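Note that the sequence shown covers residues -19 to -1, 1 to 58 in mature numbering (1 follows the signal peptide of the UniProt record, and there is no 0).
The beta-carbon is built from N, C-alpha and C at its ideal position, and this holds for glycine as well.
The structure displayed is predicted, hence computed values, not measured ones.
A quick write-up on the structure given underneath.
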Amino acid sequence: MKKLATLAAGLLFAGAAAAVDCSDCHESIDITMHTESEATLATCNDCHALGDNHAPDAEIHMPELTIKECTDCHGME
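Structure (structure tokens):
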């Protein structure tokens, strides 16, 4: 039973980690506008309540990350 629970948890995590591009689940992001307005992850949280529905790894997703850094890592265009 423990192995089944571990497998289920692993599959759940893998599914959550698969959607690394916001447009996988949401409308595409106007990256040019967000870059020009110097948006950061903190801006996403303030304007779009990102933290209400998503729990990015806080060790690598600092509030001061820029939209450019997000798009570079997550392959968003």
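Original post:
Of all the options 38, 57, 8 and 47, which has the alpha carbon lying nearest to the alpha carbon of residue 23?
Top reply: 47
Subject >> Separation of residue 17 from residue 11, as counted between CA atoms >> reply: 10 Å
Subject >> Extent of the continuous alpha helix (DSSP H) run through residue 22 >> reply: 22 to 29
Original post:
When burial is assigned at 16 or more other CB atoms within 10 Å of the CB, is residue 20 buried or exposed?
Top reply: buried
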